[in-house]
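Inspection log for the structure reproduced underneath, given as structure tokens.
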Amino acid sequence: MITHTTVLLIIILVFTLSVYATSPKIGSISAMHALLTTASQISPVPGNKDGSYLTMRSKNGLIFGVINLVGNFATVFNDQAYWQRAIASRPATCVKAYLLGGLAWFAVPFTFATTLGLAAVALRALDDPIVRTLTPADVSAGLPAPSAAAALFGQAGAAAMLVLLFLAVTSATSAELIAVSSILTYDVYKVWNQSNPFLSCTN
195 MITHTTVLLI IILVFTLSVY ATSPKIGSIS AMHALLTTAS QISPVPGNKD
245 GSYLTMRSKN GLIFGVINLV GNFATVFNDQ AYWQRAIASR PATCVKAYLL
295 GGLAWFAVPF TFATTLGLAA VALRALDDPI VRTLTPADVS AGLPAPSAAA
345 ALFGQAGAAA MLVLLFLAVT SATSAELIAV SSILTYDVYK VWNQSNPFLS
395 CTN
């Protein structure tokens with residue numbers, strides 16, 4: 195798990211430094227700002243103040259934030275993987291661990307959104323052929339980030355996104371497998387074993 199996280203963060207840092215420091219297509223915060231301003235003039239965002247990509251006053255952003263907040267609460271209360279970690283932790287450290295873990299996790303989607311997400315919009319202002327062809331369905335499918343990575347790094351960027359996806363999926367799968375195995379062991383097998391007098395006598 196540590197290896198997964200380390201590789202994932204290294205790739206994210208490479209993307210961030212390239213977009214905001216070394217990329218010939220963007221390469222700085224001021225260039226990103228200028229490109230996003232141009233993009234908002236070409237294709238204003240409905241529901242955002244002045245159609246801008248650089249505003250916090252967004253109707254759709256507020257709706258998404260509420261949905262995401264409620265949905266994540268439901269995930270935390272219903273996902274066995276979270277309960278398992280809470281039960282295994284000491285009460286004195288559990289709250290701090292969850293708060294620090296949440297802040298550490300927040301860095302991943304926030305960095306992706308402000309790096310590859312905004313890069314995809316900025317590259318559209320440059321009329322980049324890879325990003326220019328994205329449809330609303332492609333955006334809903336989560337393709338702006340890999341498209342921006344491919345536009346900035348070529349095949350290496352696409353490969354890096356594939357590695358990131360693999361690491362994220364295997365990490366989540368590992369946690370869920372452990373959670374399911376714990377439920378089957380303690381809530382199913384152990385209860386059934388104790389209720390079966392023959393097995394209780396033989397064990």
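For my numbering, count along the sequence shown from 1 and bump the result up by 194. Idealized CB from N, CA, C, for every residue including glycine. A quick note: this is a predicted structure, and the numbers were derived from the prediction, not measured.
Does the beta-carbon distance from L358 to L203 come in below 8 Å? Start at 1 with the first residue of the sequence shown, and residue 358 comes out as number 164. Start at 1 with the first residue of the sequence shown, and residue 203 comes out as number 9. The answer is no: Cβ separation not under 8 Å.
Residues bridged to N242 (per DSSP): Position 48 of the sequence shown, counting from 1, holds the residue named residue 242. According to DSSP, which records beta bridges pairwise, N242 is partnered with S252.
CA-CA distance, A344 and Y383? As a working mapping, residue 344 is identified with position 150 in the sequence shown. As a working mapping, residue 383 is identified with position 189 in the sequence shown. Spanning the two alpha carbons is a distance of roughly 49 Å.
Can you name, in chain order, every residue of its own chain whose Cβ lies under 6 Å from the Cβ of G245, other than the five neighbours on each side? Counting from one through the sequence shown, the residue named residue 245 turns up at place 51. For G245, where only same-chain residues beyond five positions count, the Cβ hits under 6 Å are S234, P238, V239.
Residues in its own chain within less than 7 Å of T305 by CB, not counting five upstream and five downstream? One-based indexing of the sequence shown puts residue 305 at position 111. Taking C-beta separations shorter than 7 Å and ignoring five residues to either side along the sequence, the partners of T305 in its chain run I206, T210, following chain order.
Tell me the residue span of the alpha helix (DSSP H) that contains G221. Taking the first residue of the sequence shown as 1, we reach residue 221 at position 27. Premise fails: G221 is in no alpha helix (DSSP H) and is neither H nor E.
At the level of alpha carbons, what is the spacing between A291 and A314? Taking the sequence shown and counting its residues from 1, the one referred to as residue 291 is at position 97. Taking the sequence shown and counting its residues from 1, the one referred to as residue 314 is at position 120. Here the C-alpha atom of A291 lies approximately 34 Å from the C-alpha atom of A314.
Range covered by the alpha helix (DSSP H) that runs through V374: Here the question's residue 374 lines up with position 180 in the sequence shown. DSSP places V374 in the uninterrupted alpha helix (DSSP H) bounded by 349 to 376.
F306: beta carbon under 7 Å from a heavy atom of the ligand SAM? Absence of the ligand SAM from the depicted structure is noted, as is the absence of any ligand whatsoever, leaving it without description.
Which residues in the same chain have their Cβ closer than 8 Å to the Cβ of V416, if we skip the five residues on either side of it in sequence? In the structure as shown, the chain begins at 195 and stops at 397. Residue 416 is therefore absent and cannot be evaluated.
Buried versus exposed, by CB contacts within 10 Å (16 or more), G351: Looking up residue 351 in the sequence shown gives position 157. Buried is the label assigned to G351, since at least 16 other Cβ atoms lie within 10 Å of its Cβ.
Measure from the alpha carbon of A316 to the alpha carbon of each residue in A298, S341, W386, then state which is nearest. The count along the sequence shown starts at 1 and reaches residue 316 at position 122. The shortest C-alpha separation from A316 is found at S341.
Return the residue from the list A319, L263, D381 that minimises the CA-CA distance to T231. Stepping through the sequence shown from its first residue, residue 231 is reached at position 37. Among A319, L263, D381, the Cα nearest to that of T231 is on A319.
For G348, the nearest candidate out of V325, A335, G311, V363 (CA to CA): Counted from its first residue, the sequence shown places residue 348 at position 154. That would be V325, whose Cα lies nearest to the Cα of G348.
What distance in whole Å lies between the Cβ atoms of G241 and N262, which are believed to be in contact at a cut-off of 8 Å? Here residue 262 refers to the residue found at position 68 when the sequence shown is read from its first residue. Here residue 241 refers to the residue found at position 47 when the sequence shown is read from its first residue. Wrong, their Cβ atoms sit about 16 Å apart, outside the cutoff.
For L361 and H198, which I take to be in contact (beta-carbon distance under 8 Å), what is that distance rounded to the nearest angstrom? For the purposes of this step, residue 361 is taken as the residue at position 167 of the sequence shown. For the purposes of this step, residue 198 is taken as the residue at position 4 of the sequence shown. Confirmed, about 5 Å.
Using 8 Å for Cβ pairs, my map puts S376 next to Q278. What's the rounded Cβ distance? For this step, residue 376 is matched to residue 182 along the sequence shown. For this step, residue 278 is matched to residue 84 along the sequence shown. Between Q278 and S376 the Cβ distance is about 6 Å, and since that is below 8 Å, they are a contact.
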